[in-house]
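A short write-up of the structure that comes next.
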Amino acid sequence: VVYKNNDVRLELSRLAKQGDPKMKIHGVVAFKCENVATLDPITFETPESFISLPKWNAKKTGSISFDFRTTEPNGLILFSHGKPRHQKDAKHPQMIKVDFFAIEMLDGHLYLLLDMGSGTIKIKALQKKVNDGEWYHVDFQRDGRSGTISVNTLRTPYTAPGESEILDLDDDLYLGGLPENKAGLVFPTEVWTALLNYGYVGCIRDLFIDGQSKDIRQMAEVQSTAGVKPSCSRETAKPCLSNPCKNNGMCRDGWNRYVCDCSGTGYLGRSCEREATVLSYDGSMFMKIQLPVVMHTEAEDVSLRFRSQRAYGILMATTSRDSADTLRLELDAGRVKLTVNL
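Residue numbering for the sequence shown follows UniProt numbering, beginning at 1 and increasing consecutively.
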């Protein structure tokens, strides 16, 4: 055991073994080393792939560390939440709140998100982007309201708001993404990757929870998880060089895969190969989509294509009986106008 702080280096275990008076030993300490089994890396090959781990019991203290490697800009790496409770908010009386913990990637940056019931904290773990294909080591430590998130050797301390020091997680701990059947899951508005279905694509290795190693390769085999490969390698060939996106779709190189942006094509599918459904309206018609639950979000990803000879008309609008919040997209004097009222 070695303690390092700037230029100070103390070999604590050696000093204790030698009986240094500065060191005090409690309990039984065996001064020997044991071989630790190598934890093989795994690759999440699709945004839909994930691994479910048992509930993380980290009410007062806890730690998680792992290595990751990817070239993708967005992805949910870790997520878990507690029991739902109704928010005491006059503006959103039916809004459900939960304790939660998440580590996600957005636009190439790594974020820690944490809420223990008295306010959410969102920390950018590193100022530089971490989707350059290199291995990064992440270490999260927590003691009550305070803790640190480290990437390689750069530590960022945090202090959660409010008075609560208990992190009450009641659900599984999800690694790499979320199940397709999300019944029973509550997605906090602050965790954008969960709301936008941005699963993680890339490699993970050496996952430790509260100092205990987790054999995620074996877990993936036991859970028969689709899209999880028991190795990590980066293909040198650029997937977009073969022009896989059809009908003028825009191609982006991902982690050993191509990603097609079909939003400007009128086509759908992984390669923009399927023609999208086209609806026509005469000015007096509309289509109503009833959402199954009340939605509370901070992020949305909506795209549509249209053509019209009329200068005015509503393209899309949201309404709610329980809230005055609205989003309205319309044609106004031939120009596209977006109005958001929160």
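No residue lacks a Cβ here, since even glycine has one placed at the ideal position from N, Cα and C.
Assign Y111 to one of two classes, buried (16 or more other C-beta atoms within 10 Å of its C-beta) or exposed (fewer than that). The count along the sequence shown starts at 1 and reaches residue 111 at position 111. Buried, by the Cβ-count rule.
May I ask you to report which of helix, strand or coil DSSP gives V336? The residue labelled residue 336 in the question sits at position 336 within the sequence shown. V336: strand per DSSP, three-state reduction.
So the alpha helix (DSSP H) residue 417 belongs to, where does it begin and stop? Past the edges of the chain, shown from 1 to 342, lies residue 417, and the structure says nothing about it.
Can you give me the start and stop residues for the beta strand (DSSP E) that V259 sits inside? Indexing the sequence shown from 1 puts residue 259 at position 259. Where V259 is concerned, the enclosing beta strand (DSSP E) stretches over 258-261.
Count Cβ pairs between the region 247-260 and the region 278-286 that sit closer than 8 Å; are there 3 or more? No, the region 247-260 does not touch the region 278-286.
Report the residue from F140, D99, S63, E72 whose alpha carbon sits nearest the alpha carbon of G176. Here residue 176 refers to the residue found at position 176 when the sequence shown is read from its first residue. When each option's Cα is compared against that of G176, the closest is E72.
N341 - partner residues in DSSP beta bridges: Translated into positions along the sequence shown, residue 341 becomes position 341. T326, per the DSSP bridge assignment.
The beta strand (DSSP E) with Q212 in it runs from where to where? Locating residue 212 in the sequence shown gives position 212, where the first residue counts as 1. Element bounds for Q212: 212-214.
Just to confirm the assignment, what range does the beta strand (DSSP E) spanning A102 have? As a working note, residue 102 is residue 102 in the sequence shown. 100-106 is the extent of the beta strand (DSSP E) around A102.
Rounding to the nearest angstrom, what Cα-Cα distance links A90 and V340 in this structure? Taking the first residue of the sequence shown as 1, we reach residue 90 at position 90. Taking the first residue of the sequence shown as 1, we reach residue 340 at position 340. Any reading at A90 must be qualified, since the residue scores a pLDDT of 49, below 50, and its modelled position is unreliable; the value itself is stated next. The alpha-carbon atoms of A90 and V340 are separated by roughly 20 Å.
DSSP has T52 in a bridge; who is on the other side? As a first step, residue 52 is located in the sequence shown; it is residue number 52 there, counting from the start. The sequence given here has Ser at residue 52, not Thr. Partner(s): Y174.
Which residue comes first and which comes last in the beta strand (DSSP E) that contains L76? Within the sequence shown, numbered from 1, the residue matching residue 76 stands at position 76. Residues 75-81.
By Cβ distance below 6 Å, which residues in the same chain neighbour K214 in space, the five residues on each side in sequence not counted? Along the sequence shown, read from residue 1 onward, the residue named residue 214 stands at position 214. Only L207 meet the Cβ criterion.
Mark N256 as exposed unless 16 or more other C-beta atoms lie within 10 angstroms of its C-beta, in which case mark it buried. Position 256 of the sequence shown holds residue 256. That one is buried.
Of the listed residues C272, K129, F286, nearest to N248 (C-alpha basis): For the purposes of this step, residue 248 is taken as residue 248 along the sequence shown, with counting starting at 1. Cα-wise, what sits closest to N248 is C272.
Excluding the five sequence neighbours on either side, which residues of its own chain have a C-beta within less than 7 Å of the C-beta of T318, listed in chain order? Here residue 318 refers to the residue found at position 318 when the sequence shown is read from its first residue. T326, L327, listed in sequence order.
Is the beta carbon of V186 less than 8 Å from the beta carbon of P84? Residue 186 sits at position 186 when you count from the first residue of the sequence shown. Residue 84 sits at position 84 when you count from the first residue of the sequence shown. Yes, these two residues count as a Cβ contact at 8 Å.
Using a Cβ-Cβ cut-off of 7 Å (strictly less than) and excluding sequence neighbours within five positions of D99, which residues of its own chain qualify? Translated into positions along the sequence shown, residue 99 becomes position 99. Correct list, in chain order: H81, G82, D115, M116, G117, L167, D168, L169.
Assigned secondary structure, R321 (DSSP; H/G/I helix, E/B strand, else coil): Here residue 321 refers to the residue found at position 321 when the sequence shown is read from its first residue. Of the three classes helix, strand and coil, the one that applies to R321 here is coil, per DSSP.
Mind the definition here: the region 237-247 touches the region 60-80 only if three or more C-beta pairs lie below 8 Å; say whether that holds. no
CB-CB under 8 Å to E298, same chain, minus the five flanking residues each way: which ones, in chain order? Here residue 298 is taken as the residue at index 298 of the sequence shown, counted from 1. Within the same chain, E298 has close Cβ partners T189, E190, W192, L195.
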